[in-house]
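**Q** Residue numbers (mature numbering (1 follows the signal peptide of the UniProt record, and there is no 0)): -39 to -1, 1 to 482.
Idealized CB from N, CA, C, for every residue including glycine.
Spelled out as structure tokens, the structure:
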């Protein structure tokens, strides 16, 4: 009976009770493994950890103010000056971001002729001194073929080896002809602010550190044709204002580009004389003029220009188009204005020969004027006592300039242009006189008026009397002939031209209130 008890279900590995226990044990094991598997990384088989939030970034210290600049590293020529600053921080703050030292270029007076170059002087300090652990003596000269430009690499004279004596002194040129300098063993470029390694470069307009949006590109195509009078000659293309940079003018024809300075002096291809291609100085910049065998011409200049330049073309055939471009600082007074004046057109001249004598002006009869408009000029009158024969022989009548309030009002109301102008130049053209005028302030303008204009007077007797360099208050009218080959500013011989004074300017402004149909300038 006892034996039967031992052989019963007391053994967990046998009998029905043992099988049930094993099944229960496996179910518990599977349940435990499933719970553990949900907390495991399926790819790595390791328990996944919840990421901890990043620790807050430690603040950085702040820089103190810059100290004074040191003296220049050289006594002549180029050198560098140094200034430094301190990082102000606590033990919990990170170091400051940036460089504690700053170097700038200092350019002194040129070294005397015969002076030893800076790098050669440093090499010469080791002349006749033992090197390489031997008692041999050498004379050393700079060697520029080594990889590190800012090491003092010196070649033994008369031998085919060089030796590096460490770093060159600060302010040494990285290589002959290079603008870059060595500082602390590094070759640094000089920014336009004079600071080494700043990376600041001038913008397209030549301004230092102004950014890319500080300049405006002027890019246009001039498609004016030859004068309809039958002559081929000089025609205005555009005015390049003072301050322009990256100038380029291109012409692809048998015509010739011409360039005139602000004082009326030709720089290129003026007065019917063709100049050779090459470099030319104009308006404070170096101009490069090129002409290819196929006739293609170009004018290029880096700028900035110090004065206005007038681009013209000497026409030999119809103009296929002249392309020009330049950059101006944003806000330049010339932006938004027309860069050519339809009123300032040089008289057409015959091509291939000296300019022919210009015939006297014979304006066509004027059509009935429209109210408030002066499309054409009525026939010109001669000054009292003046005739064409008298002008040729020097017999001119006395000038009778208008005077008084009524005359001032009449001329003001009948004029297309009233302005304060300065006479720059005077030239007799045929039996007329042409004045080059700087427009200083307009009081009335019914048509476009730019800063430089030609003012025509239909006689050579000096009526009205205008002297070069003088400033006048001028009242003139627009003159367009029937063929539309002339479009000019005309001051009649009895026109209003008085020396400018503040009082005269005030009286003219008052005259504007008396016009029947006044138009603002």
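Which residues in the same chain have their Cβ closer than 6 angstroms to the Cβ of residue 251, if we skip the five residues on either side of it in sequence?
**A** Position 290 of the chain shown, counted from the start, is the residue given in the question as residue 251. Excluding residues within five positions, the ones whose Cβ falls inside 6 angstroms are 238, 259.
**Q** With residue 148 as the anchor, note down where its beta strand (DSSP E) starts and where it stops.
**A** For this step, residue 148 is matched to residue 187 along the chain shown. That run of the beta strand (DSSP E) goes 147 to 149.
**Q** Among all the DSSP beta bridges, which residues are the ones paired with residue 114?
**A** By one-based count along the chain shown, residue 114 stands at place 153. In DSSP, residue 114 forms a bridge with 125.
**Q** Can you tell which of 214, 60, 101, 54 has its C-alpha closest to the C-alpha of residue 282?
**A** The residue you call residue 282 lines up with position 321 of the chain shown. Closest option to residue 282, judged by alpha-carbon separation, among 214, 60, 101, 54: 214.
**Q** Just checking my contact of residue 515 with residue 56 at CB under 8 angstroms: how many whole Å lie between their CB atoms?
**A** Nothing in the structure corresponds to residue 515, since the chain is present only between -39 and 482.
**Q** Have a look at residue 362 and residue 290 and give me their C-alpha separation to the nearest angstrom.
**A** Position 401 of the chain shown, counting from 1, holds the residue named residue 362. Position 329 of the chain shown, counting from 1, holds the residue named residue 290. Each residue's alpha carbon lies about 44 angstroms from the other.
**Q** Measure the beta-carbon distance from residue 364 to residue 382 and round it to whole angstroms, keeping in mind my assumption that it falls under 8 angstroms.
**A** Reading the chain shown from its first residue, position 403 is the one you call residue 364. Reading the chain shown from its first residue, position 421 is the one you call residue 382. So it is not a contact: roughly 20 angstroms between Cβ atoms.
**Q** Which one of 79, 91, 94, 163 has the shortest CA to CA distance from residue 102?
**A** On the chain shown, residue 102 is found 141 positions in, with the first residue counted as 1. When each option's Cα is compared against that of residue 102, the closest is 79.
**Q** To which residues of the same chain is residue 97 closer than 8 angstroms at the C-beta, ignoring the five residues directly before and after it?
**A** Locating residue 97 in the chain shown gives position 136, where the first residue counts as 1. Cβ within range, chain order: 91.
**Q** Which word fits residue 65, buried or exposed, when buried means at least 16 other C-beta atoms lie within 10 angstroms of its C-beta?
**A** Along the chain shown, read from residue 1 onward, the residue named residue 65 stands at position 104. It counts as buried.
**Q** Going by the CB atoms, is the gap between residue 153 and residue 144 shorter than 7 angstroms?
**A** Within the chain shown, residue 144 is the residue found at index 183, counting from 1. Within the chain shown, residue 153 is the residue found at index 192, counting from 1. No.
**Q** Near residue 110, what residues of its chain come up, given a Cβ to Cβ distance below 8 angstroms and the 5 sequence neighbours on each side ignored?
**A** For this step, residue 110 is matched to residue 149 along the chain shown. Excluding sequence neighbours, residue 110 sits near 135, 136, 143, 148.
**Q** DSSP three-state label for residue 70, please.
**A** Here residue 70 refers to the residue found at position 109 when the chain shown is read from its first residue. Here residue 70 sits in coil by DSSP.
**Q** Can you check whether the CB of residue 410 is closer than 7 angstroms to the CB of residue 399?
**A** Within the chain shown, residue 399 is the residue found at index 438, counting from 1. Within the chain shown, residue 410 is the residue found at index 449, counting from 1. Their beta carbons are not under 7 angstroms apart, which means residue 399 does not touch residue 410 by this criterion.
**Q** On the DSSP bridge list, what partners appear for residue 403?
**A** Locating residue 403 in the chain shown gives position 442, where the first residue counts as 1. For residue 403, which the question treats as bridged, DSSP gives the partners 380.
**Q** On the DSSP bridge list, what partners appear for residue 394?
**A** As a working note, residue 394 is residue 433 in the chain shown. Residue 394 pairs with 389, 418.
**Q** Could you check how far apart the C-beta atoms of residue 434 and residue 397 are, in whole angstroms? I think they sit under 8 angstroms.
**A** For this step, residue 434 is matched to residue 473 along the chain shown. For this step, residue 397 is matched to residue 436 along the chain shown. Rounded, the Cβ-Cβ distance is 17 angstroms, inconsistent with contact.
**Q** Would you kindly report the start and end of the unbroken beta strand (DSSP E) that includes residue 287?
**A** Reading the chain shown from its first residue, position 326 is the one you call residue 287. 283 to 290 is the extent of the beta strand (DSSP E) around residue 287.
**Q** Around the C-beta of residue 417, are 16 or more other C-beta atoms found within 10 angstroms, so that it is buried, or is it exposed?
**A** Residue mapping note: residue 417 aligns to position 456 of the chain shown, counting from 1. The residue in question, residue 417, is buried, as its Cβ has 16 or more Cβ neighbours within 10 Å.
**Q** Quick check: what's the CA-CA separation for residue 452 versus residue 253?
**A** Start at 1 with the first residue of the chain shown, and residue 452 comes out as number 491. Start at 1 with the first residue of the chain shown, and residue 253 comes out as number 292. Near 44 angstroms, if we compare the C-alpha coordinates of residue 253 and residue 452.
**Q** Terminal residues of the continuous alpha helix (DSSP H) containing residue 370?
**A** As a position in the chain shown, residue 370 is number 409, starting the count at 1. If you look at residue 370, you'll find it in the alpha helix (DSSP H) that goes 366 to 375.
**Q** Starting from the C-beta of residue 462, find all residues in its chain whose C-beta is less than 6 angstroms away, skip the five residues before and the five after it, and write them out in chain order.
**A** The residue labelled residue 462 in the question sits at position 501 within the chain shown. Closer than 6 angstroms at the Cβ level, and outside the excluded window around residue 462, lies no residue.
**Q** Apart from the five residues on each side of it in sequence, which residues of its chain come closer than 8 angstroms, Cβ to Cβ, to residue 267?
**A** Against the chain shown, residue 267 aligns to sequence position 306. Contacts found: 203, 244, 245, 246.
**Q** Quick check on the burial criterion: 16 or more other C-beta atoms within 10 angstroms. Buried or exposed for residue 393?
**A** By one-based count along the chain shown, residue 393 stands at place 432. When all chains shown are included, residue 393 counts as buried.
**Q** For the segment 431 to 481, which segments carrying the alpha helix (DSSP H) assignment without a break, of at least 4 residues, lie completely within its bounds, in sequence order?
**A** 463 to 472
**Q** Alpha carbon to alpha carbon, what distance is there between residue 371 and residue 388?
**A** What you label residue 388 is simply residue 427 of the chain shown in a count that begins at 1. What you label residue 371 is simply residue 410 of the chain shown in a count that begins at 1. Straight-line Cα distance between these residues: approximately 29 angstroms.
**Q** Given this structure, state the Cα-to-Cα distance separating residue -12 from residue -18, to the nearest angstrom.
**A** Sequence index remark: in the chain shown, residue -12 carries index 28 (1-based). Sequence index remark: in the chain shown, residue -18 carries index 22 (1-based). Those two C-alpha atoms are separated by around 10 angstroms.
**Q** In the structure shown, what three-state DSSP assignment does residue 55 receive?
**A** Residue numbering aside, residue 55 sits at position 94 when the chain shown is read from its first letter. In this structure, residue 55 counts as strand in the three-state DSSP scheme.
**Q** Comparing alpha-carbon positions, which option in 62, 12, 21, 13 lies nearest residue 28?
**A** Reading the chain shown from its first residue, position 67 is the one you call residue 28. Cα-wise, what sits closest to residue 28 is 62.
**Q** Name the one or two DSSP bridge partners that residue 252 has.
**A** Along the chain shown, one-based indexing puts residue 252 at 291. The partner list for residue 252 (beta bridge, DSSP) reads 258.
**Q** Is the Cβ-Cβ distance between residue 262 and residue 373 less than 7 angstroms?
**A** Numbered from 1 along the chain shown, position 301 holds the residue referred to as residue 262. Numbered from 1 along the chain shown, position 412 holds the residue referred to as residue 373. Not a contact, by the Cβ cut-off of 7 angstroms.
**Q** Does the distance from the C-beta atom of residue 441 to that of residue 405 stay below 7 angstroms?
**A** As a position in the chain shown, residue 441 is number 480, starting the count at 1. As a position in the chain shown, residue 405 is number 444, starting the count at 1. Not closer than 7 angstroms, so no.
**Q** How would you call residue 69, buried or exposed, if buried means at least 16 neighbouring beta carbons within 10 angstroms?
**A** Position 108 of the chain shown, counted from the start, is the residue given in the question as residue 69. The residue in question, residue 69, is exposed, as its Cβ has fewer than 16 Cβ neighbours within 10 Å.
**Q** Determine the closest residue to residue 425 out of 432, 449, 455, 408, with distance taken between C-alpha atoms.
**A** Residue mapping note: residue 425 aligns to position 464 of the chain shown, counting from 1. If we check each option's Cα against that of residue 425, 455 comes out closest.
**Q** Would you check if the distance between the CB atom of residue 200 and the CB atom of residue 271 is smaller than 7 angstroms?
**A** Walking along the chain shown from the start, residue 200 turns up at place 239. Walking along the chain shown from the start, residue 271 turns up at place 310. It is a contact, given that the beta carbons lie within the stated cut-off.
**Q** Within the same chain, show all residues whose beta-carbon is closer than 6 angstroms to that of residue 150, passing over the 5 residues directly before and after it, in chain order.
**A** Working through the chain shown from its first residue, we reach residue 150 at position 189. Excluding sequence neighbours, residue 150 sits near 141.
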